[in-house]
Structure formats: C-alpha cells, structure tokens
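**Q** In our numbering, the protein residues as written are 70 to 473.
My questions will all concern the structure given below.
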C-alpha cells in the first residue's frame, strides 16, 4: 500500500466519466481480486483488446436489473449455486453490424449497444460472446461485489448503468492480489479503489432510511427507547430498541437481529431466534446501555411465505441450507447495508456484536463498522431445534459448542 496510495472515489468517478479504466479491489475475505472496470458507453475495440491482453480474466458487462429486464436478459440458471452467487445472464452478441461476435470490434459494439437507452431485446442474438451480469438494485449496499461496484460507478458518474469489466490475472495465470495489483496500476498509470471505500462513500453521501419518532418502550426485560426506520428503496420498516447513551467512538453492545415472527412472537422451538432476542435484551439491560437493531428480514431474507415452504421441506428431510437452495434462494439472503447506516445514524461506529455468525460480522465490517468484540450467544438446544443448530454450526460456520 505504501507504493501507491488508493484513489478517492471522486477521482475514480472522474476517470470513469473520461472513459478511463479503474482498478477495483474487493475484500480479502471475499474474492480478494482486482478487476479492470470502465464505462460501457465509452468502450472501444482498443479498450477491449487492452482488457483481454492485460486483464486475462472473463470479459463481462454488468448492468442494472432494470436494464436487464428491458433487454430481456434471463438468468443463466434458475438456481445459482456458485460460491459468491455471480449473477450471469444468458450470453449475447449484437446482431446488426457484427460478424462472429468474437472480434474486439464486435465485442465493443455489443457492449456499447447494451448501454444505448433505445436498445431492445431483438437487437441481440443469444447465445453470444459477451457475459452480462445483473447488479442488485441498491448496488454495493446490497452486494459488495465487482458487478455492483461497476454499475454504481457508471450511475454515479452520470452515465448509463452499464459497465465493462475483466478480472486481473498474473502472467502465470494466477489471480493478481494487492501487491501485484499495485504494481500493475503503477505501471499502467491507473487509479485503484476498494469496494469497501465505495460502500463507505455511498453510506456517507446517500440517505437510505427515513427516521421515525422516538418513544419510550417498557418491556419484560427493562425500560428501553424505540425508534422506527423506513427503508426508502422498498418501504420495509425496521426497529431500533436501545438503552443508555454513548460517546463518539465508544464500543457499544449491539444485537443485529433479523425478524422471526414464529420464534420472536409465538415462541417457536424450531429455531433459537426468540431466545437469542430476549437474551440480548437481558444482556443490554444488565449492562445499562446497548442496542437491538431489529431488521425486517424474515427467514434470513426470503420472507414468511418462502420460510414456511422451507419449513415444509425440512419436515421432508431437508436441512435449512438445502431447503433454501431447493427453493431457488441462497442459504442466507440478508445484507447489512441499511442496518449499518441505521447504526451510524445513532453515532455508533464501533460494536461489541452479540452473535455466533461470522458472516454477520463480515457483512457489517464490509459497510465500515468496526467489530471490536464478539459476544457469544449460545442457546441450549431442544429436541425440536437441535438439527437446525447443528446445521448452522456445520454448514454455516456458526460458533456453537453444544454437544450431542
């Protein structure tokens, strides 16, 4: 890092507007790779050739979901079981003015056409030589991937929400990591940014939620304060239940809890959600300060109807992971961008996180929060939830230590 200072997001946006390349690096706990990314509407055959020569990865064209729908680009598979859920659609070539579709001229023409506001499905042949990728609607605040970063950079630059990217490989075919990426960027005169910095920039510059009225909330576990928040993108409502005051930079005891109607309200023993929620409130009451961030993410983000369908599959022998996948979902569909902004709005940047879930920790850290301590939350298994808890331990890497 000492050899090349990371660029600011403003510098990257200016490069993008000028049609230059930007090297974008993701988290070392994710792919830990760098991609060459540029604007689709400013692509040329020479730039495609440069990407193929110096990137050496898979040439792709990320675009917004809305643009995907308008171009009739279906998902490549119905059930995406890739490790990171890389969102490929069917491959395409531009029909008019192209030959085989593989030359740099043809590929540049296809990518530019995808960025044309007047483009229609019939402009493109399927399959082809360009790999479109559909980005999540909220960009890197929904998924901290290169696909979303590319579309965010295009949109934030005032360009069409379509980009062109390729992974950067070393000459020997191995993935280029940060030391090699720094050397490459320095040699080529390119700016480097990280997805983490892009997330932090958006969280700082954009408001994702609307704050409601603060009220007192006496509970069975003590007297708390409650603030509702409404998500601007889809109207989902979330709750902050908190106690006490804290200073800027002070580590705060926090439970980020996804809603579980069956467990939290009805006391279902199929899971440990209700017990974790109430135990967290007890811990905060004992400490005298802390926060329960109650996110509207029923069924790890798949919703109540799908959760019940997953329960039905579990009654037929599926575990909680396989049930989700069978229904066409990821094992865990949650993201924590909105939650991170809610916590920041409360003046919280450092957290003592009540969780057994390492993915939740990584998810919050990806949005710029510092986890200074993991506070374990282990619930004694029952005959009804032992298999569920064992699946969380063995297949979802939860830090559980119960014995059979």
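Just so it is clear, CB atoms sit at the ideal spot from N, CA and C, and this is done for glycine as well.
Taking 8 Å as the limit between beta carbons, can you name the residues of its chain near residue 367, skipping five residues before and five after?
**A** In the chain shown, the residue the question calls residue 367 occupies position 298. Correct list, in chain order: 327, 328, 329, 330, 373, 376.
**Q** Whether or not the segment 205-212 and the segment 398-408 are in contact is what I'm after, with contact meaning three or more pairs of Cβ atoms, one per stretch, closer than 8 Å; do they touch?
**A** Cβ pair count under 8 Å is three or more, so yes.
**Q** Since residue 198 and residue 221 are thought to touch, with beta carbons under 8 Å apart, how far apart are those beta carbons, to the nearest angstrom?
**A** Walking along the chain shown from the start, residue 198 turns up at place 129. Walking along the chain shown from the start, residue 221 turns up at place 152. Rounded, the Cβ-Cβ distance is 25 Å, inconsistent with contact.
**Q** List the residues that DSSP assigns as beta-bridge partners of residue 200.
**A** Working through the chain shown from its first residue, we reach residue 200 at position 131. According to DSSP, residue 200 bridges with 129.
**Q** Which first and last residues belong to the beta strand (DSSP E) in which residue 285 is found?
**A** As a working mapping, residue 285 is identified with position 216 in the chain shown. Looking at the DSSP string, the run of the beta strand (DSSP E) that includes residue 285 is 284-288.
**Q** Secondary structure at residue 473, three-state DSSP: helix, strand or coil?
**A** The sequence position of residue 473 within the chain shown is 404, counting from 1. Caution is warranted here: a pLDDT of 48 is assigned to residue 473, below 50, making its placement in the model unreliable, and no coordinate value can be reported.
**Q** Using the three-state DSSP reduction, which class does residue 389 fall into: helix, strand or coil?
**A** Numbered from 1 along the chain shown, position 320 holds the residue referred to as residue 389. DSSP places residue 389 in helix when its eight states are reduced to three.
**Q** Are the beta-carbon atoms belonging to residue 78 and residue 277 less than 7 Å from one another?
**A** Residue mapping note: residue 78 aligns to position 9 of the chain shown, counting from 1. Residue mapping note: residue 277 aligns to position 208 of the chain shown, counting from 1. No, the Cβ-Cβ distance between residue 78 and residue 277 is not below 7 Å.
**Q** Counting only runs that start and end within the segment 370-419, where is the beta strand (DSSP E) found for 3 or more residues in a row?
**A** Within the segment 370-419, no complete beta strand (DSSP E) run reaches 3 residues.
**Q** Does the distance between the C-beta of residue 261 and the nearest non-hydrogen atom of the ligand COA fall short of 6 Å?
**A** Questions concerning the ligand COA fall outside what the structure shown contains, since it holds no ligand whatsoever.
**Q** Can you tell me the Cα-Cα spacing of residue 307 and residue 179, whole angstroms?
**A** As a working mapping, residue 307 is identified with position 238 in the chain shown. As a working mapping, residue 179 is identified with position 110 in the chain shown. The straight-line gap from Cα to Cα measures roughly 42 Å.
**Q** Sorted by chain position, which residues of the same chain lie with C-beta nearer than 7 Å to residue 145's C-beta, five sequence neighbours on each side aside?
**A** Taking the first residue of the chain shown as 1, we reach residue 145 at position 76. These residues qualify, in order along the chain: 157, 158, 159.
**Q** Considering only their Cβ atoms, is the gap separating residue 365 from residue 305 smaller than 7 Å?
**A** As a first step, residue 305 is located in the chain shown; it is residue number 236 there, counting from the start. As a first step, residue 365 is located in the chain shown; it is residue number 296 there, counting from the start. Going by C-beta atoms, residue 305 is nearer than 7 Å to residue 365.
**Q** Give the DSSP bridge partners of residue 157, in chain order.
**A** If you number the chain shown from 1, residue 157 lands on position 88. Looking at the DSSP assignment, residue 157 forms a beta bridge with 202.
**Q** Count the C-beta pairs between the segment 226-246 and the segment 422-432 that are closer than 8 Å, then say yes if the count reaches three, no if not.
**A** Contact between the segment 226-246 and the segment 422-432 is absent, because fewer than three Cβ pairs lie under 8 Å.
**Q** Beta-carbon within less than 7 Å of residue 181's beta-carbon, same chain only, minus the 5 sequence neighbours each way: which residues are those?
**A** For the purposes of this step, residue 181 is identified with residue 112 of the chain shown, where counting begins at 1. Excluding sequence neighbours, residue 181 sits near 109, 110, 112.
**Q** According to DSSP, what are the bridge partners of residue 307?
**A** Locating residue 307 in the chain shown gives position 238, where the first residue counts as 1. Beta-bridge pairing links residue 307 to 298.
**Q** Could you give the C-beta distance for residue 231 and residue 132, rounded to a whole number, given that I count them as a contact under 8 Å?
**A** The residue labelled residue 231 in the question sits at position 162 within the chain shown. The residue labelled residue 132 in the question sits at position 63 within the chain shown. With a Cβ gap of about 4 Å, residue 231 and residue 132 count as contacting.
**Q** Using C-beta distances below 6 Å, list every residue in its chain close to residue 293, excluding the 5 sequence neighbours before and after it, in chain order.
**A** What you label residue 293 is simply residue 224 of the chain shown in a count that begins at 1. Within the same chain, residue 293 has close Cβ partners 286, 310, 312.
**Q** Looking at C-alpha atoms only, which residue of 391, 426, 456, 422 is the closest neighbour of residue 496?
**A** Only positions 70 to 473 of the chain appear in this structure, which leaves residue 496 out of reach.
**Q** Give the list of continuous alpha helix (DSSP H) stretches no shorter than 4 residues that lie fully inside the segment 174-246.
**A** Whole alpha helix (DSSP H) segments, 4+ residues: 215-225.
**Q** Taking the C-alpha atoms as reference points, what is the distance between residue 473 and residue 451?
**A** Along the chain shown, one-based indexing puts residue 473 at 404. Along the chain shown, one-based indexing puts residue 451 at 382. Residue placement at residue 473 cannot be trusted, given a pLDDT of 48 that sits under 50; what the coordinates show is reported in the next sentence. Cα-Cα distance, rounded: 11 Å.
**Q** Buried or exposed: which applies to residue 203, given that a residue is buried once 16 or more other Cβ atoms fall within 10 Å of its Cβ?
**A** Position 134 of the chain shown, counting from 1, holds the residue named residue 203. Buried: at least 16 other Cβ atoms inside 10 Å.
**Q** DSSP three-state call for residue 118: helix, strand or coil?
**A** Within the chain shown, numbered from 1, the residue matching residue 118 stands at position 49. Helix, per DSSP.
**Q** For residue 284, which residues from the same chain have a beta carbon less than 6 Å from its beta carbon, with the 5 sequence-adjacent residues on both sides left out?
**A** Counted from its first residue, the chain shown places residue 284 at position 215. Result list for residue 284: 295, in chain order.
**Q** Within the continuous alpha helix (DSSP H) that includes residue 339, where are the two ends?
**A** Here the question's residue 339 lines up with position 270 in the chain shown. Here residue 339 belongs to no alpha helix (DSSP H), and DSSP marks it neither H nor E.
**Q** Got a sec, what are the start and stop residues for the alpha helix (DSSP H) residue 267 sits in?
**A** Against the chain shown, residue 267 aligns to sequence position 198. First-last of the alpha helix (DSSP H) with residue 267: 264-274.
**Q** So what does DSSP say about residue 163, is it helix, strand or coil?
**A** By one-based count along the chain shown, residue 163 stands at place 94. Strand.
**Q** Residues in its own chain within less than 6 Å of residue 398 by CB, not counting five upstream and five downstream?
**A** Taking the chain shown and counting its residues from 1, the one referred to as residue 398 is at position 329. 371, listed in sequence order.
**Q** I'd like the span of the alpha helix (DSSP H) that includes residue 363, first residue to last.
**A** Here residue 363 refers to the residue found at position 294 when the chain shown is read from its first residue. Unbroken run through residue 363 is the beta strand (DSSP E), 359-364; no alpha helix (DSSP H).
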